[in-house]
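Note sheet for the following structure.
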Amino acid sequence: MTSGIRLPEINLVVLSGRLTRDPELRFIPSGRPVGRISIAVNRRFFNKTSNEWQDETAFVDINVWGDAAQRVKDRLRKGSPVLVEGRLRFRQWEAKDGTKRSSLEVEARRVQFLETAPSAAAGQAAAAETAADAAADSESVPATYGAADADATSDLEEVAL
């Protein structure tokens, strides 16, 4: 028997970290782009038992859909700092060898770039950045969720920044 309490269905993730590899860009059969990034999210805490500071790192896979996927591919590189807002998605599938696989991923709603776009010419002085590059600092790239969520996408697009 359930109590009469209805909990809100909240699935919101906000993470900051650095890319662990260069972004990947693919296209689903409909032609819609999907980018994949992986970030390292660090947590530093004091262990009272050992009386020492400790670091813990979580590696998180993130999917970025639509036009935002191309911008992420163009602007980010391994080591780039980002802030990601999205939702958790649990996927299950069967591998070619018949084993069952699963993963917990983030479907990005927004990816915020936390540093200036890299210069086109290596070694170019930071003062020589174009006005467009300077304006792109902390650029926020809105993204809608994946094609698998077609029913929910229309609602999500209304709140995408």
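Note that my numbering gives residue 202 to position 105 of the sequence shown, counting from 1, and the numbers run on in steps of one. Virtual Cβ for every residue (Gly too), placed ideally from N, Cα, C. Since the structure is predicted, the reported quantities are computational estimates derived from the model, not experimental observations.
**Message:** What residue range does the alpha helix (DSSP H) around Ala166 cover?
**Reply:** 164-172
**Request:** For the beta strand (DSSP E) containing Ser197, list its first residue and its last residue.
**Result:** Residue 197 is actually Lys in this sequence, not Ser. Unbroken beta strand (DSSP E) run through Lys197: 197-210.
**Spatial distance of Ala217 from Arg115 (CA atoms)** = Note that Ala217 scores a pLDDT of 42, beneath 50, so its modelled location is shaky and nothing firm can be said.
**Asked** How many Å lie between Ile125 and Leu104 at the Cα?
**Response** When rounded, the distance between both Cα atoms is 35 Å.
**Prompt:** Taking Arg141 as the reference, which of Ser147, Asn148, Asp152, Ile134 has the closest Cα?
**Reply:** Asp152
**Asked** Roughly how many angstroms lie between the CA atoms of Arg123 and Phe143, to the nearest whole one?
**Response** 41 Å
**For Ala137, the three-state DSSP class (helix, strand or coil)** = strand
**Prompt:** Considering only C-alpha positions, which residue in the set Lys197, Ala137, Ala166 is nearest to Gly128?
**Reply:** Ala166
**Request:** Could you give the DSSP three-state label for Thr154: helix, strand or coil?
**Result:** strand
**Message:** Beta-carbon within less than 8 Å of Pro130's beta-carbon, same chain only, minus the 5 sequence neighbours each way: which residues are those?
**Reply:** Leu122, Arg123, Phe124, Trp162, Gly163, Asp164, Ala166, Gln167
**Asked** If Ile136 and Val181 are in contact, beta carbons under 8 Å, what's the gap, nearest whole angstrom?
**Response** 7 Å
**Request:** Note down, in chain order, each residue of its chain lying with its Cβ closer than 7 Å to the Cβ of Phe156, except the 5 sequence neighbours on either side.
**Result:** Thr117, Ser135, Ala137
**Request:** Just tell me which of Asp119, Arg172, Glu204 has its CA closest to the CA of Leu185.
**Result:** Glu204
**Prompt:** When the Cα atoms are used, what is the spatial distance from Gln209 to Gly132?
**Reply:** CA-CA distance, Gln209 to Gly132, rounds to 15 Å.
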